[in-house]
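Inspection log for the structure reproduced underneath, given as structure tokens.
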Amino acid sequence: MILVVGHKGMLGQELMALFGSSARGVDVDDIDITDLQSVQRVLVTLKPRVVVNAAAYTDVDGCESNAELAMQVNGEGVAHLAMVTKEIGAKLVHVSTDYVFDGSKGSPYLEDDLLKPLNVYGESKLAGEMNTWFNPDHLIVRTQWLYGHAGKNFVETMLKLAAERKELSVVDDQIGSPTWTYDLARAIKALMDNNCTGTYHAANAGFVSWNGFAKEIFRLAGLDTVVKPMTTTELGRPATRPLYSTLDCSKLVQDTGFVPQPWQDALKRYLELRPTK
Ligand SMILES: NC(=O)c1ccc[n+]([C@@H]2O[C@H](COP(=O)([O-])OP(=O)(O)OC[C@H]3O[C@@H](n4cnc5c(N)ncnc54)[C@H](OP(=O)(O)O)[C@@H]3O)[C@@H](O)[C@H]2O)c1
């Protein structure tokens, strides 16, 4: 049995839909990953073959003012999962982020590039990556700019704002690959099916700025909302973001045959399948 930890989250719900009856899900009501005893109790009782950790403290700006909680969930929580999966002979699949990089490379990041987070969230996720090593049978999947039908995300925020305003300013100096959780879940499954271990990058193909992403959302949704440029400095969020942190996914393609679709195609499909709100 596959156990999805964080099954109520945006990616967790997508993984549950994909794994179907071969999976069980737990979330913060059933397991607190910051508490070793809680992790032991759940994992020893359920005895999963694989644990997929989709639980995290994902509020990037919130992490700046709650650094201790960020480290407990994103760092120590992963240590607990790694130690207990090792104890019960299970594999640990862990999801991480492009925010472990500083964005200064100037080309897509490879799995073994220099890790240099710029913010507390990235530091805590890096600690989590290190802590997976308590279980040698682990897989780390780094991804970025997620959106999915099951969660609060950039696409939904833009569509909500467009219903209220004719004109929006969106940052045009951060570049990344918008990634649909539907595609990420399939990439994770492909890695698991191929018994991959170690670190992999998985994101939709191609890259764009948040500004370009917003324009494509509105174009596909048939909206004439005007999207004006603004800089990251002008936006002034608490957490520093990497400016160019696209992920090179060729190792995923090479080892599994799974080819991520272009971000524009994924977005089009996401909007077509989006339930009317
Ligand atoms: N979202 C992105 O753009 C993005 C980008 C790159 C990487 N990632 C990574 O992708 C993974 C999935 O992200 P997501 O956006 O799907 O996350 P999400 O929607 O925020 O879901 C995370 C889930 O974890 C639960 N959780 C929080 N603390 C917990 C604890 N102590 N014990 C057990 N469960 C706990 C949350 O419960 P509550 O909601 O009740 O707190 C929530 O259900 C994460 O590892 C994230 O770091 C995300």
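Residue numbers 79 to 355, in the working numbering, belong to the letters of the sequence shown in order.
Glycine included, C-beta positions come from ideal geometry on N, C-alpha and C.
Give the C-beta separation of residue 278 and residue 219 to the nearest angstrom, bearing in mind that I take them to be a contact with Cβ-Cβ under 8 angstroms.
-> For the purposes of this step, residue 278 is taken as the residue at position 200 of the sequence shown. For the purposes of this step, residue 219 is taken as the residue at position 141 of the sequence shown. Indeed, because the Cβ distance is near 5 angstroms, the residues count as touching under 8 angstroms.
Kindly examine ligand 1 and report whether one of its heavy atoms sits closer than 7 angstroms to the Cβ of residue 203.
-> Numbered from 1 along the sequence shown, position 125 holds the residue referred to as residue 203. Correct: residue 203 has its Cβ closer than 7 angstroms to ligand 1.
Pull up the CB-CB distance for residue 248 and residue 292, whole angstroms please, since I reckon it's below 8 angstroms.
-> Looking up residue 248 in the sequence shown gives position 170. Looking up residue 292 in the sequence shown gives position 214. That belief holds up - the Cβ atoms of residue 248 and residue 292 are roughly 5 angstroms apart, short of 8 angstroms.
Looking only at C-alpha atoms, which of 346, 281, 335, 95 sits nearest to residue 298?
-> Here residue 298 refers to the residue found at position 220 when the sequence shown is read from its first residue. Comparing Cα positions, the closest option is 346.
Would you grab the beta carbon distance between residue 287 and residue 343 for me? Rounded to a whole angstrom, and I think it's under 8 angstroms.
-> If you number the sequence shown from 1, residue 287 lands on position 209. If you number the sequence shown from 1, residue 343 lands on position 265. With 8 angstroms as the limit, residue 287 and residue 343 do not qualify as a contact, their Cβ atoms being about 18 angstroms apart.
Is it the case that the CB of residue 90 approaches a heavy atom of ligand 1 more closely than 7 angstroms?
-> Your numbering for residue 90 matches position 12 in the sequence shown. It does: the Cβ of residue 90 is within 7 angstroms (strictly closer) of some heavy atom of ligand 1.
Would you give the residue range spanned by the beta strand (DSSP E) that residue 276 belongs to?
-> Within the sequence shown, the letter at position 198 stands for residue 276. Residues 276 to 279.
Beta carbon of residue 87: closer than 7 angstroms to some heavy atom of ligand 1?
-> Working through the sequence shown from its first residue, we reach residue 87 at position 9. Yes, Cβ of residue 87 sits closer than 7 angstroms to a heavy atom of ligand 1.
Bridge partners of residue 199, per DSSP?
-> Against the sequence shown, residue 199 aligns to sequence position 121. According to DSSP, which records beta bridges pairwise, residue 199 is partnered with nothing at all.
For residue 80, name the three-state secondary structure that DSSP assigns.
-> Counting from 1 along the sequence shown, the entry for residue 80 is found at position 2. Note: residue 80 maps to strand in three-state DSSP.
Is residue 187 near ligand 1, in the sense that its beta carbon is under 7 angstroms from a heavy atom of that ligand?
-> On the sequence shown, residue 187 is found 109 positions in, with the first residue counted as 1. No, the Cβ of residue 187 stays beyond 7 angstroms of every heavy atom of ligand 1.
With C-beta atoms as the reference, is residue 196 less than 8 angstroms away from residue 340?
-> Your numbering for residue 196 matches position 118 in the sequence shown. Your numbering for residue 340 matches position 262 in the sequence shown. No, these two residues do not count as a Cβ contact at 8 angstroms.
Should the segment 171 to 181 be called in touch with the segment 192 to 211, which here means at least 3 C-beta pairs below 8 angstroms?
-> Two segments are said to touch when three or more pairs of C-beta atoms, one from each, lie closer than 8 angstroms; by this definition the segment 171 to 181 touches the segment 192 to 211.
Counting contacts by CB-CB distance shorter than 8 angstroms, is residue 111 in contact with chain B?
-> The structure shown contains no chain B; it holds only a single protein chain.
Can you give me the Cβ contacts of residue 142 inside the same chain, cut-off strictly under 6 angstroms, excluding the 5 residues immediately before and after it?
-> Along the sequence shown, read from residue 1 onward, the residue named residue 142 stands at position 64. Counting only residues of its own chain and dropping the five nearest sequence neighbours on each side, residue 142 has a CB closer than 6 angstroms to the CB of 198, 316, 317.
CA-to-CA distance, residue 201 to residue 148, given in whole angstroms = Position 70 of the sequence shown, counted from the first residue, corresponds to residue 148. Position 123 of the sequence shown, counted from the first residue, corresponds to residue 201. CA-to-CA, the gap between residue 148 and residue 201 works out to about 9 angstroms.
Three-state class that DSSP yields for residue 260 in the structure shown = For the purposes of this step, residue 260 is taken as the residue at position 182 of the sequence shown. Helix at residue 260.
Which one or two residues does DSSP pair with residue 131 in a beta bridge?
-> In the sequence shown, residue 131 corresponds to position 53, counting from 1. Answer is 83, 172.
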